[in-house]
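Participant: Position in the sequence shown (from 1) plus 2 gives the number in the numbering used here.
Ideal placement from N, C-alpha and C gives every residue a C-beta, glycine not left out.
Below are the structure tokens for one structure; questions will follow.
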Amino acid sequence: MREAVIVDSCRTPMCKSFRGSFNMTRADEMAAHTVAELLKRVPQLNPAEIEDVIFGCGFPEGPQGMNVARIAALRGGIPVTTAAMTVNRFCSSGLQSIALAAAEVQTGVADAVIAGGVESITATFKAKVDPNPELLKTKPGIYMVMGETAEVVAKKYKISREAQDEYALASQQRTARAQQEGFFKNEIVPMQVTRAILDKQGQPTGTEPHLADRDE
Numbered sequence: 003m004r005e006a007v008i009v010d011s012c013r014t015p016m017c018k019s020f021r022g023s024f025n026m027t028r029a030d031e032m033a034a035h036t037v038a039e040l041l042k043r044v045p046q047l048n049p050a051e052i053e054d055v056i057f058g059c060g061f062p063e064g065p066q067g068m069n070v071a072r073i074a075a076l077r078g079g080i081p082v083t084t085a086a087m088t089v090n091r092f093c094s095s096g097l098q099s100i101a102l103a104a105a106e107v108q109t110g111v112a113d114a115v116i117a118g119g120v121e122s123i124t125a126t127f128k129a130k131v132d133p134n135p136e137l138l139k140t141k142p143g144i145y146m147v148m149g150e151t152a153e154v155v156a157k158k159y160k161i162s163r164e165a166q167d168e169y170a171l172a173s174q175q176r177t178a179r180a181q182q183e184g185f186f187k188n189e190i191v192p193m194q195v196t197r198a199i200l201d202k203q204g205q206p207t208g209t210e211p212h213l214a215d216r217d218e
């Protein structure tokens, strides 16, 4: 079996939902931005040599539906002759796409693959969910949202609210220090966008140009 290696990687900043920098930016455009950057970072690789583009998406509906990987690939400069697929395994969708890409290389299905994850909660928050009524009766946990899952896990493993708050604070402090020291500089691809300005009630009051260049 062949060895699969990661040649390069990059990402957009991770921004807040609704009030964040990407509240007017489509998910496919964010993904396309990273694809285009990867092509710049590896100029010795002809885009036509990329045989597959795989993106994971937790909620592949609405503006991030219709095989968002294919749309992002074309918008990012990949030729129409390259295949693409969107993978859904909810929160591990992005990791699953990378695992699939590695498997394609290891088994000789492809020599070069782009893989990653994409999501915009802002864009899909109001999308209608229509659970299967019969499954809802027998296995309602299948449709449990992440917040409810977190409560179950905390109770099962006896993780107190105080412990969670302490961990969250430490995480925020580490992030702030890493940003100050430029730890994420080489992996984040800044993106010029237009964002909506919201009032305290969450209503739009205008728009402004903005450079998204750090996690929020």
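Glu-218 and Gly-96 look like a contact to me (Cβ under 8 Å); what is the Cβ gap, rounded to whole Å?
Facilitator: Going by Cβ atoms, the distance from Glu-218 to Gly-96 rounds to 19 Å, so no, they are not a contact pair.
Participant: Give the straight-line distance between the Cα atoms of Ala-33 and Phe-186, rounded to the nearest whole angstrom.
Facilitator: Between Ala-33 and Phe-186, the C-alpha separation is close to 18 Å.
Participant: How should Pro-62 be labelled, buried or exposed, when 16 other C-beta atoms within 10 angstroms of its C-beta is the threshold for buried?
Facilitator: When all chains shown are included, Pro-62 counts as buried.
Participant: I'd like the list of long-range same chain contacts for Val-44, defined as Cβ closer than 8 Å, with 5 residues on each side in sequence excluded.
Facilitator: So the qualifying residues of the chain are Val-9, Asp-10.
Participant: Taking 7 Å as the threshold (C-beta atoms), are Ala-117 and Ala-103 in contact?
Facilitator: Yes.
Participant: Residues in the same chain with beta-carbon distance under 8 Å from Cys-93, minus the five sequence neighbours each way, listed in chain order, please.
Facilitator: Correct list, in chain order: Gly-60, Met-148.
Participant: Does the pairing of the stretch 117-127 with the stretch 135-145 give three or more beta-carbon distances under 8 Å?
Facilitator: No, they do not touch.
Participant: Would you mind sorting Gln-203 into buried or exposed? The rule is 16 or more other CB atoms within 10 Å of its CB.
Facilitator: Result: exposed.
Participant: Thinking Thr-84 and Ala-71 are a contact (beta carbons under 8 Å), I'd like their distance in whole angstroms, please.
Facilitator: About 10 Å; that fails the 8 Å criterion.
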